[in-house]
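Here you go:
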């Protein structure tokens, strides 16, 4: 039984990381009705941005979120506002094809800039564990879980309590009615994409710290 406890606990703790990854995907599908095939690649872009900041500025990966999160918000907002919004409609194929094209472009750009070698973001907590009897809790996995819970909590708070969050929910429920109420759904969709990219940025940094990654890793997280 004790032999089974370790992998079970590791799996539960890693669930926090996968929850953050899923949040971005569900945000776009639930609000914009878009399956963003480039989500994983945008997440890995965040991993590389964090790696570059850690390597060249010598900052902590968690501190790199201060830079990576706003960058990815702007990337997501611009991508939705100026590209994906133009192909949204009754048919699902056009935005799917555009997102797939963005995915391919991102993978090749990352390959060109960072080479195909596997990378990882090493931290002081990467090899630390907390011992509870015969169970060893990896500190990094514990951080993944705690951060995942915090992201879910604050997103729920944002959607339920803020005016912008309620506007996003209104656009998600009925686009036509939201427009009649004076909500600019084009901007709302772009902001929703920006929020999805905030979660992708957080997930990307955590993935980079927890696993190795390379330019074509993104699609495996969809």
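In the numbering used here, the protein residues as written are 826 to 1047. Virtual Cβ for every residue (Gly too), placed ideally from N, Cα, C.
Anticipated Cβ contact below 8 Å, residue i with residue j, distance rounded
{"i": "residue 1043", "j": "residue 932", "result": "7 Å"}
{"i": "residue 913", "j": "residue 857", "result": "7 Å"}
{"i": "residue 1017", "j": "residue 993", "result": "6 Å"}
{"i": "residue 935", "j": "residue 975", "result": "Not a contact, Cβ separation roughly 28 Å."}
{"i": "residue 868", "j": "residue 1032", "result": "7 Å"}
8 Å Cβ cutoff met for residue i and residue j
{"i": "residue 897", "j": "residue 1028", "result": "no"}
{"i": "residue 946", "j": "residue 964", "result": "no"}
{"i": "residue 1048", "j": "residue 842", "result": "Past the edges of the chain, shown from 826 to 1047, lies residue 1048, and the structure says nothing about it."}
{"i": "residue 902", "j": "residue 1015", "result": "yes"}
{"i": "residue 1005", "j": "residue 865", "result": "no"}
{"i": "residue 886", "j": "residue 894", "result": "no"}
{"i": "residue 921", "j": "residue 838", "result": "no"}
{"i": "residue 955", "j": "residue 831", "result": "no"}
{"i": "residue 1008", "j": "residue 995", "result": "yes"}
Residue nearest to residue i in terms of C-alpha spacing, selected from the options
{"i": "residue 892", "options": "1023, 830, 1036 and 1035", "result": "1023"}
{"i": "residue 924", "options": "905, 863 and 1017", "result": "863"}
{"i": "residue 997", "options": "886, 882, 938 and 851", "result": "851"}
{"i": "residue 910", "options": "1030, 1012, 987 and 1045", "result": "1012"}
{"i": "residue 835", "options": "1035, 1039 and 962", "result": "962"}
{"i": "residue 1019", "options": "990, 953 and 944", "result": "990"}
{"i": "residue 1034", "options": "882, 916, 889 and 917", "result": "889"}
{"i": "residue 952", "options": "1036, 900 and 1040", "result": "1036"}
Assigned exposure category for residue i - 16 Cβ within 10 Å defines buried
{"i": "residue 1010", "result": "buried"}
{"i": "residue 957", "result": "exposed"}
{"i": "residue 929", "result": "exposed"}
{"i": "residue 905", "result": "buried"}
Ranges of the alpha helix (DSSP H) found wholly within the stretch 928-994, counting only runs of at least 4: Listed in chain order, the complete alpha helix (DSSP H) runs (minimum 4 residues) inside the stretch 928-994 are 964-986.
Inside the stretch 873-898 only - alpha helix (DSSP H) runs reaching at least 4 residues: Counting only unbroken stretches of 4 or more residues, no alpha helix (DSSP H) element lies wholly within the stretch 873-898.
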